[in-house]
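This report refers to the structure that appears directly beneath it.
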Amino acid sequence: MDITKRNIKNLYCVHLIVFLFLISSLTVFAQTETVAEEDTTTIFIPQSPISVTAEDYKYDRGESVVINWGLSPDDDGSGKVTGYEIFRSEAEQDDFISVNVVAPGISTFRDKSVENNVEYIYGIAALNGDDASPMTLSEPVLPDTEIVNWNLLNLFFIGLLIAGSVIYFIAHAKRGKKLFIRKIAGLEAIDEAIGRATEMGRPILFIPGINDMDDVQTIAGITILGRVAKVVADYDIKINMPVARSIVMTTARETIKEAYVGAGRPDAYSDNMVRYITDEQFGYVAAVDGIMVREKPATCFYLGAFFAESLILAETGNSVGAIQIAGTAMPAQLPFFVAACDYTLIGEELFAASAYLSNEPKQLGSLKGQDVGKFMAMAAIALGVISVTIARAWGGSFFPWLDEFMHRLFTITN
Amino acid sequence: MDWTTFGVWLAAVFTLGIISFLYRDNIFYKLCEAIFVGISAGYWLITFFWDNLYSKFYSQVTDPVDPQWTPWIGFVLGALMLTRLFEKIGWLSRWPLAFIIGATAGVYMMFYFVSNAMLQVSATILPIYTGSISGAISNLFIIVGTFCGLIYFFFSKEHKGAFGGAAKIGIWFLMATFGASFGYTVMSRMSLMLGRLDFLFGQWLGLIK
Amino acid sequence: MKKQVPLTITFIVGVVLVLSVFFPPVETLGEDFSLFFDIIAVFAFFLGGGNLIRVHTDRISKKKKDWGFSMITIGGFLIMLAAGLFKLWNPGDISADVAATGSLFQLMYDWMFNPLGATMYSLLAFYVASASYRAFRAKNRDATILLVAAFVILLGRTPLGMYATEWIPESFSLLQIPNLAIWIMTSPNLAGQRAIMIGIALGVVSMSLRLILGVERTHLGTDNE
Amino acid sequence: MNIKEVIAVILIIAFFLCAYFLFPKPVEFSQTVSIILTILLALTLLVIGVMTFMGRYIERRVVFLFVGIALTLPFFMQFDLPVPISPEVQAAYDELEKLPEGSKVLAAFDYDPPSAPELQPMAVAFMKYAFQRGLKIIIMGLWPQGPQQADQAIQTAFEVIPELEDKIKYGRDYVNLGFQSGNEFVILRMGESFKAMFPTDIYNTPYDSIPILKNVKNYSNIDYCFNFSAGKPGTVEWVQGAVDRFNLKMSAGNTAVQAPMAYPYLQAGQLDGLMGGMAGGAEFEKLTEHYDKATVFIKSQSFAHAVVIVFIIIGNVAFFRGRRRKK
């Protein structure tokens, strides 16, 4: 049974409501900015900045302090003030060190080099070349740790929304609802490619990229390996998997073994299917190129994180006449795979592949959840574009506000 | 012949050996490959040993002033990894794997979400009205392209009708992106060879001034 | 049990790391993870390095094809290992930097490792040409767009393109190939990149959730051992 | 191995031996010879095109051969190419120009020798420019070989302008912090403290005893950052880790492959300027009026480029010819 359109619409309504809630809640946290005081006296020697305030930065681990000051009366754009120097001392020590120099006309600075729970006093001096005005001092300030970073409230809500829809569809699918998923050419071709290896009696080469298991692309490659290995185990074809990382070797062996056990042929599995070559990128490539020209695999899979080696591998594979299926989330390498391989999984498709191939409702549900995320991204872009365009073209009050809000919504403050 | 000259000759021979693979697989290349695999595996083991095990573990936990205890967690997990060598307790090696996968999933999820999704959406919110026609066209292309590109990636809806049309435009944008990136790269790839040629004809043969 | 514990570990570690972003006192947990990972990687290397030695000694002992090259590989591995571990020829003492100038380790890097790696990398100059020759053909509409975009950028990044379209008047300057190339890079290319990047982010979120929630579990091996 | 191949191998070895022991050095073609060679090259390509049109297709090794020739010949030829300046390189240069003397610039060298042909010319030009302008340079690398590349760049800068060598003092005007492993996490942790990641410089001098690093705790004491990047970790990680989180101001020099990846950040304002590949390097050399390797290499590159373009055309000829025959 398919999910009805109405259900989807309802879900979008819920998202919209949360979205609007988010809008209203964020405005509460909008911070007011200090207004610089202007003066137009014309004295040559730079005068000290006025009214320096220092506050603990919210929200962090007591790592930074925000200093605001009123511009020196001489800082009127005529070049009499060439900058401001920010000094800092631990309170009650009077041992000021220079923290930084900022350009004239700037009246705020965030000092991220303080220690937690140490009290400081700041002093700002206006500079004119090498000469400096006397410092204006701030009240003591104590950088402190906050428990929750409220600045990331937008990230939290948007993340919750997207993660929520993925989890919602996974849970939904649990109750036995089958979802429609469109055909992905590169994945449809996997069976054909493995079949070809069977016919030709030549091995399959599987490259899970050159990054370690701490890259989510490698994990994606390994999960696809799980599905490929199942078919391989069924047909009893030779799979050859040279790897560049030891942890990947361990994980890949575990995965292939599982597939062989699942196919009821645990005896056919051998640790030699996966072998470690070297961690060095091009040493690995040199060896894999050698393997390709000597063993002439019928099918090559390149699924994971790839760098410059993508084209070397794909061209060599092409020259030995292998069918090649590639997939990576490295935008810089996608063009080479697209040009030199028969099928390429582009970015998101790599991550979707294992779910697609598994054909389990739960896994497919997560793909549906991703789509909701895309829909929200598109809705946000549409809303933002409309508001900023109207704000630029006609002004008014609502659209500039909405424009400002949309930008703030997607900006991460830290 | 001094040692540096010997080194330059060695490097030149290896350079030519690898290039010979372009013609076809041969003994010369096999030799280079074998040496490369051996020394590079050794190189990385040494790098791991001094940079990770020595600097990040040994010197941290034995620091006389402020000995750290957290690296021990890594040590224990690493030791569990080695249980694979023993048939009976081999399954314990899945614990560090589970740890790595959980942590990678957690870290990457937020990392990608912030810089790839949030900031890119924010950067795509551009005015179509910019005061200049060329600016408007450029922005329109970015917005429409991003939009249609995203539509192409929809999995749960068949590419048919208007939706299919948009997905088609999305593919065109992706193709233009791939073509452009590829074209841009050709130059870069050529320069890699220039470095080697500069070495062969300059440093080795001395034919270039 | 054999599968439940790992799944629980994945779940807890994953959730903690996702949430840690929002709480300043623990926001650096991700960095601690990278430290743990580096240490685990060393241990894993004993498995990988061991595999390397086993595969090649196996070849030598069974006198399989090309076993001579296996000897060279093992020899290279051991020499590099000795050079780095005992800091052979190192001008400093045992506490000196392993890659100090003049040490055997550094010399092997400079005269063997580096030229081999750099040349392997530079083969791309040739492969990129042969791939262009084969792939950039106007086979269908998609391929034609690929071809046109690549062609314009190729021309635009060289002075060739400038000479070819210098005659175009200033008011149509966008059509001059160098400008057109920049426009393609900053407009349609940017759009495609964005779509790919946003897609990847959502793919990663969904994949991570599948892993954390234990929906995806092939990598953890088999239940019924 | 057949007899032809053996002869070819002997000839190649003989050529290199002759080149090493017998040839006059350096070899330089006169302008007439250069023109004749270029015309010859063009004619051969034309012949290949005609042959393809007649239905005799070439194999990929012919493509390899021509690329090799096109890359090598310009090393020995004499001619100049015009270098137009692109806005993103201009922007990077302008940002550097704006920095007052004595500004502290973090130079992150995230590349290794294989990428050096593209990035080293930029790095040399940057170092020379920065030293002449009196900028203080803090060097570090997330790639193991990055700091060595920086040292080489400084040496080259000193060789080109010998008076710099007396003017510039290590520790006062620049410092090399060396390499630290940990990729993007190093960037994040440096937001808290440089010293935590680099307790000593590359020569094991303690952080606190280096004059230039006095009062440098983290990014807030840095005026600008320049990143030379050939991949990951690189510009993308710097933007995500340092620019986004700690508001560091930054420009980058990228290999041409990485450059398209950085464009979104350039457009979003997260990056000020960008130099892409050899062309970017040649443009920067022109802006800083320091003509060196990039200006030489760009000639070879343009030649090879032209060859690739011709082969794409030949490829399409082959395709249309094949299609017509099928009909």
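Protein chains in written order, with the working numbering: chain A, 1 to 414; chain B, 1001 to 1209; chain C, 2001 to 2225; chain D, 3001 to 3327. Here a beta-carbon is modelled for each residue, glycine too, at the ideal position from N, C-alpha and C.
Closer than 9 Å at the beta carbon, the chain C residues around residue i
i: D:Phe3319; result: Arg2137, Ala2138, Lys2139
i: D:Ile3309; result: Ser2132, Phe2151, Leu2154, Leu2155, Thr2158, Leu2160
i: A:Asn149; result: Val2021, Phe2022, Phe2023, Pro2024, Glu2027
Euclidean distance between Cα positions of residue i and residue j
i: A:Glu280; j: A:Phe109; result: 44 Å
i: D:Ala3279; j: D:Ile3085; result: 9 Å
i: D:Phe3226; j: D:Ala3108; result: 6 Å
i: D:Leu3106; j: D:Ile3138; result: 5 Å
i: D:Asp3080; j: D:Val3296; result: 9 Å
i: D:Lys3169; j: D:Pro3100; result: 19 Å
i: A:Ile386; j: B:Phe1182; result: 34 Å
i: D:Leu3096; j: A:Ser98; result: 22 Å
i: A:Ala36; j: A:Gly70; result: Low confidence applies to A:Ala36: its pLDDT is 44, below 50, so where it sits in the model is not reliable enough to give any reading.
i: B:Phe1201; j: B:Lys1168; result: 49 Å
i: C:Leu2047; j: C:Leu2081; result: 16 Å
i: A:Thr344; j: A:Ile325; result: 6 Å
i: C:Arg2210; j: A:Ala252; result: 19 Å
i: A:Phe336; j: B:Val1008; result: 33 Å
i: B:Gly1135; j: A:Tyr57; result: 38 Å
i: D:Val2991; j: A:Arg245; result: Given a span of 3001 to 3327 for chain D in the structure shown, any question on residue 2991 of chain D remains unanswerable.
i: D:Ala3252; j: A:Ala233; result: 48 Å
i: A:His172; j: A:Lys183; result: 22 Å
i: A:Asp289; j: A:Thr316; result: 7 Å
i: A:Thr34; j: A:Thr53; result: With a pLDDT of 40 at A:Thr34, under the threshold of 50, the predicted position of this residue should be treated as unreliable, though the coordinate-derived value follows. Those two C-alpha atoms are separated by around 10 Å.
Closest residue to residue i among the options (Cα-Cα distance)
i: D:Gly3218; options: D:Lys3232, D:Ser3209, D:Ala3230, D:Ala3242; result: The sequence given here places Asn at residue 3218 of chain D; Gly does not occur at that position. Residue D:Ala3242 is the option with its Cα nearest to D:Asn3218.
i: B:Ala1103; options: C:Arg2137, C:Ile2184, C:Phe2011; result: C:Phe2011
i: A:Ser138; options: A:Leu345, A:Gly123, A:Pro361; result: A:Gly123
i: D:Ala3286; options: D:Val3089, D:Val3047, D:Leu3073; result: Reading off the sequence shown, one finds Lys at residue 3286 of chain D, where the question assumed Ala. The candidate whose alpha carbon is nearest that of D:Lys3286 is D:Val3089.
i: D:Arg3321; options: C:Asp2032, C:Leu2124, C:Gln2176, C:Arg2137; result: C:Arg2137
i: A:Leu187; options: A:Asp267, A:Asp234, A:Met273, A:Phe301; result: A:Phe301
i: D:Glu3118; options: D:Arg3060, D:Val3009, D:Met3001, D:Thr3255; result: D:Thr3255
i: D:Glu3289; options: D:Ile3161, D:Phe3021, D:Pro3147; result: D:Ile3161
8 Å CB neighbourhood of residue i in its chain, flanking five on each side removed
i: D:Ala3070; result: Leu3041, Ser3300, Phe3303, Ala3304, Ala3306, Val3307
i: A:Met330; result: Gln217, Ala305, Phe306, Phe307, Ser310
i: D:Pro3113; result: Gln3145, Gln3149
i: D:Ile3313; result: Gly3049
Same chain only: Cβ atoms within 6 Å of residue i, ignoring 5 sequence neighbours per side
i: A:Ser165; result: Gly369, Val372
i: D:Pro3074; result: Lys3299, Ser3300, Phe3303
i: D:Gly3281; result: Pro3121, Met3122, Ala3294
Within chain A, the residues that residue i reaches when beta carbons sit closer than 8 Å
i: D:Lys3136; result: Under the 8 Å cutoff, chain A gives no residues; its nearest Cβ is about 12 Å from D:Lys3136.
The ligand ADP heavy atom lying under 8 Å from the CB of residue i
i: A:Thr344; result: For the structure depicted, the ligand ADP is absent and the ligand set is empty, with no information on it obtainable.
Chain-order list of residues whose beta-carbon lies under 7 Å from that of residue i (same chain, five-residue window excluded)
i: A:Pro208; result: Thr218, Gly221, Ile222, Leu225, Val243, Val248, Ala252, Leu303, Gly304
i: C:Ile2212; result: Thr2010, Phe2011, Gly2014, Val2015
Under 8 Å from the C-beta of residue i: neighbouring residues of chain C
i: A:Thr250; result: Ala2044, Leu2047
Proximal residues of chain D, C-beta to C-beta of residue i below 9 Å
i: A:Glu63; result: Gly3191, Glu3192, Asn3218
i: C:Gly2117; result: Asp3112, Pro3113, Pro3114
i: C:Asn2090; result: In chain order: nothing, as chain D lies at least about 14 Å away.
Partners in chain B for residue i, counting only beta-carbon separations shorter than 8 Å
i: D:Val3033; result: Near D:Val3033 there are no residues of chain B at all, since even the closest Cβ is about 15 Å away, more than 8 Å.
i: C:Tyr2163; result: Neighbours of C:Tyr2163 on chain B: none; closest Cβ ~17 Å, over 8 Å.
Practice task
Output, in sequence order along the chain, the residues in the segment 165-195 of chain A whose CB is closer than 7 Å to any CB in chain B.
Solution key: Of all residues in the segment 165-195 of chain A, only Leu179, Phe180, Ile181, Arg182 come within less than 7 Å of chain B when Cβ atoms are compared, listed by chain position.
Practice task
Give, in chain order, every residue of the segment 3183-3205 of chain D whose Cβ lies closer than 7 Å to some Cβ of chain C.
Solution key: Within the segment 3183-3205 of chain D, the residues whose Cβ lies closer than 7 Å to some Cβ of chain C are Phe3185, Leu3188, Arg3189, listed in chain order.
Practice task
Taking a Cβ distance cut-off of 7 Å, strictly less, list which residues of the segment 2098-2111 of chain C are near chain D, in chain order.
Solution key: None of the residues of the segment 2098-2111 of chain C has a beta carbon lying less than 7 Å from any beta carbon of chain D.
Practice task
Name, going along the chain, the residues of the segment 1046-1057 of chain B whose beta-carbon falls closer than 9 Å to a beta-carbon of chain C.
Solution key: Those would be Ile1046, Thr1047, Phe1048, Phe1049, Trp1050, Asp1051, Asn1052, Leu1053, Lys1056, Phe1057, in chain order.
Exercise for the section: Closer than 7 Å, Cβ to Cβ, to anything on chain C: give me those residues from the segment 317-332 of chain A, in chain order. Expected result: Ala329, Pro331: these are the residues of the segment 317-332 of chain A whose beta carbon lies less than 7 Å from some beta carbon of chain C, given in chain order.
Handout entry: Contact set between the segment 2191-2221 of chain C and chain A, restricted to residues whose Cβ is under 8 Å from the partner
Key = Result list: Gln2193, Ile2196, Met2197, Ile2198, Gly2199, Ile2200, Leu2202, Gly2203, Val2204, Val2205, Ser2206, Met2207, Ser2208, Leu2209, Arg2210, Leu2211, Leu2213, Val2215, Glu2216, Thr2218, His2219, Leu2220, Gly2221.
Exercise for the section: Can you give me, in chain order, the residues of the segment 1084-1116 of chain B that have a beta carbon less than 7 Å from any beta carbon in chain A? Expected result: The segment 1084-1116 of chain B vs chain A, Cβ under 7 Å: Arg1084, Ser1093, Leu1097, Ile1100, Ile1101, Thr1104, Ala1105, Tyr1108, Phe1113, Val1114.
Practice task
Could you list the residues in the segment 3268-3282 of chain D with a C-beta less than 7 Å from some C-beta on chain C, going in chain order?
Solution key: Going along the segment 3268-3282 of chain D in chain order, one finds Ala3279 with a Cβ nearer than 7 Å to chain C.
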